[in-house]
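*Asks:*
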Amino acid sequence: MAFRPGNICHLEIPAPDIPKLKAFYAVVFGWSFAPMHEGYECFDAGNIAGALASHLEPSQHGSLITVMCEDVSASLQRAIEAGGRVLQPATKVPGGRGSYGYFADPCGNKVGVWME
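Right, dumping it as structure tokens:
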């Protein structure tokens, strides 16, 4: 990946239970993981690199990760089936701009899904 100054280039998802979140995100988004060192599993989320990081505490406050998807309702359903819970059901943005929803992963992190 080639990044320019000012581009967001990396994100970390707090993961006190890395095996649980690896399985969860593999089901919900199809992500695969590669260990970097103990407590840190890297993934490629398209134009941004990321990692599950065991040294961080889960939260529903602060920055929000939103992932592009083909179908918000289907993504939220996969999150439920994989052990997460819906925080905001599929919601249309006024003006036909798209739809979004939010879920909490099994460790409590708030994540958004978006489709145009």
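In terms of numbering that gives the first Met the number 0, the sequence shown opens at residue 0 and continues consecutively.
We put the CB at the ideal spot given by N, CA and C, even for glycine.
If you're wondering where the values come from, they're calculated on a predicted model, not measured in any experiment.
1) DSSP state of Leu63, grouped into three classes?
2) Residues in the same chain with beta-carbon distance under 6 Å from Pro57, minus the five sequence neighbours each way, listed in chain order, please.
3) Check Leu118 in the structure and name its three-state DSSP category.
4) Where does Ile47 sit, in a helix, a strand or coil, going by DSSP?
5) Going by DSSP, what residue range makes up the beta strand (DSSP E) through Asn86?
6) So Leu55 is in the beta strand (DSSP E); what residue range does that whole segment cover?
7) Taking the continuous beta strand (DSSP E) assigned at Pro105, which residues delimit it?
8) Three or more C-beta pairs under 8 Å: does that hold for the stretch 36–51 against the stretch 83–93?
*Replies:* By the coordinates alone:
1) DSSP places Leu63 in coil when its eight states are reduced to three.
2) For Pro57, where only same-chain residues beyond five positions count, the Cβ hits under 6 Å are Pro13, Cys106, Gly107 and Asn108.
3) Residue 118 falls outside the range modelled here, since the chain spans only 0 to 115, and no answer is possible.
4) Here Ile47 sits in coil by DSSP.
5) Going by the sequence as given, residue 86 is Leu instead of Asn. It spans Arg84 to Val92 - the beta strand (DSSP E) in which Leu86 sits, taken as one unbroken run.
6) No beta strand (DSSP E) contains Leu55, which DSSP labels as neither H nor E.
7) Taken as a continuous stretch (DSSP letters only), Pro105 belongs to no beta strand (DSSP E), as it is neither H nor E.
8) No: fewer than three Cβ pairs fall under 8 Å.
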